[in-house]
Amino acid sequence: MSSFNTVNAHFTLAPDAGQTTVKLDMDVIKRITVGWICALPHELAASTAMLDEDYGLISLAEEGDDGNYRIGTIGAHMIAMRCLPSGSIGTDSAATVGTNMKRSFQHLQFVFMVGIGAGNPNPKYDIHLGDVVVSKPTGTSGGIFQYDFGKALPDGSFEFRGHMPAPPRAMLDAVQWLQEKHEKSPSRIPHHVEQMMRKTPTLRPKYSRPATEFSPQSRIGNSELVDPSPRIHYGIIASGNKIITDAKERDRLCAKHEILCFEMEAAGLMHTFPCLIVRGISDFADSEKNDEWQRHAAANAAAYTKELLAHLPGLSSSPLLNPNPAIPTKQMLMKYPRDVNFVGREKILLNVRRRIESATGSPRIALVGLGGVGFEELARKLKLPGLEDPKPDYLKIFYRWLDGESSGRWLMVLDNANDASFARNRHRDANDMHPFKILPHLPQTSRGAILVTSRHGDAASALVGPSNIVTVNPMSRLEALQLLDQRIQRKHGSESERCSLVDAIGNFPLAITQAASYITSMQGRTISGYLRQFENNEETQSKLLELSEYDDRRDMDLPNSVVSTIQINIKEIKAKNRLAFSILVRMSMFDRQKIPEAILGRNSHKNKEGKNSSPVTDFDFEEAERMLLGFSLVTPETGVLPGRSFQMHTLVKIAIRTWQPWVTAAEDAQRERCIALRNLAEVYPWHDHDYNTQVACRTLEPHAEMLLKYKHFRALEPLSEEELLYRAEILYKRSDYISCNGEHLKAKNLAEKSLSIRGKVLGQEHRDTLASLHQIALIYRKLHSLEEAERSFLNITKIQKRKYGLGHPDILFSLQDLATVYHAQGRLTLAEALAAGLADINKKLLGEWHQETSLSRISLAYVQQDRGSTNDAEKLYTDLLGHGQDSPSYSSDVLLACRSNLAKVYMSQGKIPEAQRLHMEVLTAERASLGEEHPYNLNTMAHLAIIHGAQGQMEEAERLESQTMGRRDDVCETWQEFVGSEAILSRPRIWRLRHGGVSR
């Protein structure tokens, strides 16, 4: 049986039908999670009649509680019902009953006060007799307002101080879902009331809806009969120790506090623990009070509560009760009790329940996500036939019993089933880790259901089939907060600190439990203190997440910390697929969100994982990614770059980076970091001022920043030259992108780091070193440090001239940028002379109409525009356009730049119609090639708005200006930087054409 040790099995057998309860033991009392309190006997009668199963009265006098409780179930909930003592109503009596109930049933999750109340007849709320009012927080009120608690002021007024706390989040969430349901379908209150009266016919005469009733508005002239279906209202309920029978007092209180109804017990109960108040309207708090509607209103309130319970999490669909110790039931829960403080997961539980209920044959469901008892013990405890054999086959004995009718209905849970080969072989394999297979020993019978929990999708699929898998993700933020509220008292931290805590540990249930255990284990610990430690470093994070308290609900052979649980998966992945492990490690070095597969190594031009390794194929990568997804360590995410993108949970990232075998593997860590740097250096684009490149850089920037900060627990210095150069390239590209977003000082710092690395490794005159120096010079120009920019460019061109000669593209680029510095300094004559000289050099080297020659001439024309030589500029643009129309060597970018700049020349010359025509041509071409929302379009539209304004066409000018201003913030946060004047050219697209080829 050793082959079965990795899987835990639990079995729950439903009790036989027709049994009645006469006694409950304390173990069952611990499973009661819902408290239900009524004030009057007819309220309790309606409530107990709503129970699906009634297990009778119990007395807890021996435990110090002098009240009797009715125990029963509604759906998945085990409930204790209690009525206030006879003749003792009001807030004090409710507080006493609540205190006793809380002490006797220490695992209560939800408490309801259910009964009747007096409604507010104001037409604004349209409340009728028989309607239901539910307490719900509004503004500063928690839903309950104590109207007789406060302070008398010197001026004779009364200052109310009676607002109560809100009900638990889980109850409010259930109320919200029920409200949403009632928007689409009617309430089930009439159905539940009718079922109650069918089950208990003696209630029908008194609890049916009275034959006639007029709306409260009939008292002011409206005599229409109300709709017989009760309406449900949500808001403030007023509670106090006196009955309101004065309409003026009622209206005064309602007007000031927006009260929906009045009652007499809730305020006392809320002091004990927050609960939900449900009231059926039986009168309107005035002198016309009567008892005719009390019983029907109480039934409606109880029916609403029953409907609401279906939206709250419960223990199980079949309660594990032993009604009569003399008649043992066929039920067994092996080894581990349920955590009654656990909350959330309602959608998953409902999904599983629906699948089991709707399945034909033997339903099998698997729960897959991050995350025993042997058959021999089960067989012996159940005294199954066949045990007397000399060598009993416990699995066969157990199988026959489950397959036979004597077992009754059963549920089997296969926990921690993570190895697909344990279920069945895909192929025969002599080295199979699990020669024993579980599938032949799982019976196929309609009386039983099998629930599998697994961390691996393949293993779960092998056991239940791919269509029966339910993915279990981390909790929602609301569920995580609800769980934290169950584990830790309010004194340990504020609401904002609680939110920060669940965000920091990623809504992971086990991590939340561990954190709460650590905080509450020593006096004086707070959530804020825990967060300060947690945010210190990854080593501290790991230590905090490794801490675990004893928990008798968990297998002692399994890890009881979230990090250790995840690291089991990591170890298995490393053993099965080294590439998958390497990808996981690289992911941990990047930002955890929107990780594109390109930076993980897919499609790398150096498509190898190491010097001596074989090439990595697409199939290899697909299999590795599939394994990571199967183990739920990463999840797919929508990205903006080609290929798939992934997200890694915070705790998975911590678990990888603090896994001891990895911590001690410094050489492997350095190799993986070098590969990650190489991949990112290849994928991170040179920011060429193209809009799509802008988006790509923005996506990769968090990953670049995180990777460059990555440090292993063991020092990895000195870095190899290869790794240093990859770092320098990333710094260089990041510098350009960040500079174009206006963060010039940060960009300068990055470029200087790139220059330092390249200078040390490659030498001061290497082409890449000069490229970093060129980048710094460009940033100086943007910072308007023009003397520094001029000095840098002169130094660069001096080295380039000596190394390459005057005709090399690099020196021509540098001289072109030097001309822009002269231009910015106002030395227009020098700038024009240099630009003209560059145009002549390109003409001699490349030809008159070569694209590079044309770019030089555009640069010259741009200087001429500023000098006022608009006729010369116009001739240059016109010549270029005339030749470029028929030249296949000209790109559309060059032609659009010429048209756009010529339009601006026409504007300066007063040729408004010509300028408008050219801008319209540019806008049409840009929309066709780039789409409606591209920033270039907005730039052109802005110029068109100016032209329309110059012609007196103000309406059209305002329309275009409004469109431009309204859309630019949505399109690009750095719009001004993106479409503004760049370098010597008015259009960034030409800057892209010219500088896209600067040395890498």
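In this text, residue positions in the sequence shown follow full-length UniProt numbering: the first is 1, and each later residue adds one.
Every residue, glycine too, gets a C-beta built ideally from N, C-alpha and C.
For residue i, count neighbouring C-beta atoms within 10 Å of its own C-beta (all shown protein chains included) and say buried if the count is 16 or more, exposed if not.
{"i": "GLU288", "result": "exposed"}
{"i": "ALA704", "result": "buried"}
{"i": "HIS649", "result": "buried"}
{"i": "THR33", "result": "buried"}
{"i": "LEU320", "result": "Its pLDDT being 34, under 50, LEU320 is placed unreliably by the model, and the measurement read from it follows with that caveat. With 16 or more Cβ atoms within 10 Å of its Cβ, LEU320 is classed as buried."}
{"i": "HIS128", "result": "buried"}
{"i": "HIS823", "result": "buried"}
{"i": "ARG198", "result": "exposed"}
{"i": "THR870", "result": "buried"}
{"i": "SER446", "result": "exposed"}
{"i": "LEU501", "result": "buried"}
{"i": "GLN976", "result": "Per-residue confidence for GLN976 stands at a pLDDT of 42, beneath the threshold of 50, marking its modelled position as unreliable; no derived number is given."}
{"i": "THR272", "result": "buried"}
{"i": "ARG532", "result": "exposed"}
In its own chain, which residues sit with a C-beta less than 7 Å from the C-beta of residue i, not counting the 5 before and 5 after it?
{"i": "ASN607", "result": "Residue confidence is low: ASN607 scores 44 on pLDDT, short of 50, so the model does not pin down where it sits. Its coordinate-derived value is still stated next. Only PRO615 and VAL616 meet the Cβ criterion."}
{"i": "SER316", "result": "With a pLDDT of 41 at SER316, under the threshold of 50, the modelled position of that residue is not reliable, and the figure given next carries that caveat. These residues qualify, in order along the chain: ALA76."}
{"i": "residue 1050", "result": "Absent from the structure is residue 1050, since the part of the chain shown begins at 1 and ends at 1000."}
{"i": "VAL652", "result": "ILE566 and LEU633"}
{"i": "TRP177", "result": "HIS311"}
{"i": "HIS296", "result": "GLY130, TYR207, SER208, ARG209 and PRO210"}
{"i": "VAL905", "result": "GLN865, THR870, ALA873, GLU874 and TYR877"}
{"i": "ILE144", "result": "SER135, MET164, ILE237, SER239, ALA266, ALA267, MET270 and ILE277"}
{"i": "LEU707", "result": "MET589, PHE590, ALA676, LEU677 and LEU680"}
{"i": "GLN909", "result": "THR870"}
Tell me which residue opens and which closes the alpha helix (DSSP H) that residue i is part of.
{"i": "MET101", "result": "91-104"}
{"i": "GLY529", "result": "527-534"}
{"i": "ILE79", "result": "Note, ILE79: premise wrong, no alpha helix (DSSP H); beta strand (DSSP E) at 77-83."}
{"i": "ALA61", "result": "That residue, ALA61, is in no alpha helix (DSSP H); it is neither H nor E in DSSP."}
{"i": "TYR684", "result": "That residue, TYR684, is in no alpha helix (DSSP H); it is neither H nor E in DSSP."}
{"i": "GLY268", "result": "266-272"}
{"i": "GLU572", "result": "562-576"}
{"i": "PHE590", "result": "It is not in any alpha helix (DSSP H) - PHE590 carries neither H nor E in the DSSP assignment."}
Using CA coordinates, which residue listed in the options is at the minimum distance from residue i?
{"i": "TYR125", "options": "GLY139, SER500, GLN146 and ASP251", "result": "ASP251"}
{"i": "SER59", "options": "ASN68, GLU667 and GLY882", "result": "ASN68"}
{"i": "GLU672", "options": "ILE595, ARG586 and LYS709", "result": "ARG586"}
{"i": "GLY630", "options": "THR513, PRO201, ALA462 and GLU721", "result": "ALA462"}
{"i": "PHE112", "options": "SER88, GLN146, ILE505 and ALA39", "result": "ALA39"}
{"i": "ARG103", "options": "GLY64, LEU845 and ILE573", "result": "GLY64"}
{"i": "LEU725", "options": "SER735, VAL761, TYR710 and LEU707", "result": "VAL761"}
{"i": "ALA449", "options": "LEU750, MET412 and ALA480", "result": "MET412"}
{"i": "PRO123", "options": "ALA751, GLU701 and ALA255", "result": "ALA255"}
{"i": "ASP768", "options": "LYS709, ILE799 and SER739", "result": "ILE799"}
{"i": "ALA61", "options": "MET101, MET50 and SER88", "result": "MET101"}
Starting from residue i, trace the beta strand (DSSP E) in both directions and tell me its first and last residue.
{"i": "SER282", "result": "276-283"}
{"i": "ASP415", "result": "410-415"}
{"i": "GLU263", "result": "259-263"}
{"i": "ILE74", "result": "68-74"}
{"i": "LEU40", "result": "Careful: LEU40 lies outside any beta strand (DSSP E) and carries neither H nor E."}
{"i": "PHE110", "result": "110-119"}
{"i": "GLU637", "result": "634-637"}
{"i": "ILE438", "result": "From DSSP, ILE438 is part of no beta strand (DSSP E); its letter is neither H nor E."}
{"i": "SER135", "result": "132-135"}
Do residue j and residue i come within 8 Å of each other at the CB atom, strictly closer than that value?
{"i": "LYS748", "j": "LEU731", "result": "no"}
{"i": "MET81", "j": "THR48", "result": "yes"}
{"i": "VAL175", "j": "VAL134", "result": "yes"}
{"i": "VAL278", "j": "VAL114", "result": "yes"}
{"i": "GLU723", "j": "LEU677", "result": "yes"}
{"i": "THR924", "j": "ALA945", "result": "no"}
{"i": "ALA836", "j": "LEU860", "result": "yes"}
For residue i, which residues of its own chain have a beta-carbon under 8 Å away from its beta-carbon, when the five flanking residues on both sides are left out?
{"i": "ASN241", "result": "GLY90, THR91, ASP92, ASP148 and MET264"}
{"i": "THR520", "result": "ARG487, ILE488, GLN489 and HIS492"}
{"i": "GLY506", "result": "PRO474, HIS649, THR650 and LEU651"}
For residue i, I'd like the list of residues in its chain whose CB is within less than 6 Å of its CB, leaving aside the five on either flank, ordered along the chain.
{"i": "PRO230", "result": "GLY130, ASP131, VAL132, ILE189 and ASN300"}
The ligand GDP and residue i: does any heavy atom of the ligand fall closer than 7 Å to the residue's C-beta?
{"i": "ASN122", "result": "The ligand GDP is absent from the structure shown, which contains no ligand whatsoever."}
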